[in-house]
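Below: the structure, in structure tokens.
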Amino acid sequence: MSRFITAAVAVAAVAMLSGPARAADAEQGGVLAKRWCAACHVVAADQVRGSTQAPPFSEIARKPGFDAGQLALYLLLPHPRMPDMNISRAEAADLAAYIAAQH
Ligand code: HEC
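Remember, our numbering sits 25 above the position in the sequence shown when you count from 1.
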């Protein structure tokens, strides 16, 4: 658990130090999602199916309290039952912007 907190603090520190964020690019996020996430998640309306365990991105975007900024941070941390994809902060923001546009 403390490793998780350390990682979260590190992510927040990097986020603060790296200056003005460039605008998240949902289109680029879509390209990344199809490449990295579509094996398990349904990432677009025209995708037939992902794995039954992973929630479709449209469902994630419709959750109450959904927040693209929090999602981008979530994507930077390792989480259970998903491979650690080691994505950059900009890539996480792009993916979050893409997911936010799926509802
Ligand atoms: C190997 C399969 C796999 C891949 C690849 C994968 N995921 Fe997941 N993902 C899962 C599973 C399974 C869950 C459900 C985890 C759980 O319920 O504990 C999940 C959960 C999530 C959640 C949390 C959903 C929620 O509402 O709590 C998000 C957000 C997410 N994935 C985003 C992504 C993104 C973005 C990518 C691509 C960069 C990705 N995933 C790639 C399997 C995968």
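Even glycine gets a Cβ: it sits at the ideal position worked out from N, Cα and C.
Point to revise | Cβ pair count under 8 Å reaching 3, the segment 48 to 55 against the segment 114 to 123 | key: yes
Exercise for review: Flag P108 as yes when its Cβ comes closer than 7 Å to any non-hydrogen atom of the ligand GDP, and as no otherwise.
Suggested key: Questions concerning the ligand GDP fall outside what the structure shown contains, since the ligands it does hold are the ligand HEC.
Practice item. Using alpha carbons as the reference points, say which of A115, A63 and D50 lies closest to P81. Key: Taking the sequence shown and counting its residues from 1, the one referred to as residue 81 is at position 56. The residue with the shortest Cα to Cα distance from P81 is A63.
Exercise for review: Assuming R74 contacts V67 (C-beta within less than 8 Å), just tell me the rounded distance between them.
Suggested key: Indexing the sequence shown from 1 puts residue 74 at position 49. Indexing the sequence shown from 1 puts residue 67 at position 42. At roughly 6 Å, the Cβ-Cβ gap stays under 8 Å, so R74 and V67 are in contact.
Check your understanding: Whose C-alpha, out of A49, R106 and A93, is nearest the C-alpha of T77?
Key -> The residue given as residue 77 occupies position 52 in the sequence shown. Among A49, R106 and A93, the Cα nearest to that of T77 is on R106.
Practice item. May I ask you to report which of helix, strand or coil DSSP gives A86? Key: What you label residue 86 is simply residue 61 of the sequence shown in a count that begins at 1. Helix at A86.
Check your understanding: Regarding A49 and the ligand HEC, is the C-beta to nearest heavy atom distance less than 7 Å?
Key -> Taking the first residue of the sequence shown as 1, we reach residue 49 at position 24. Because no heavy atom of the ligand HEC lies under 7 Å away, the Cβ of A49 does not count as near it: no.
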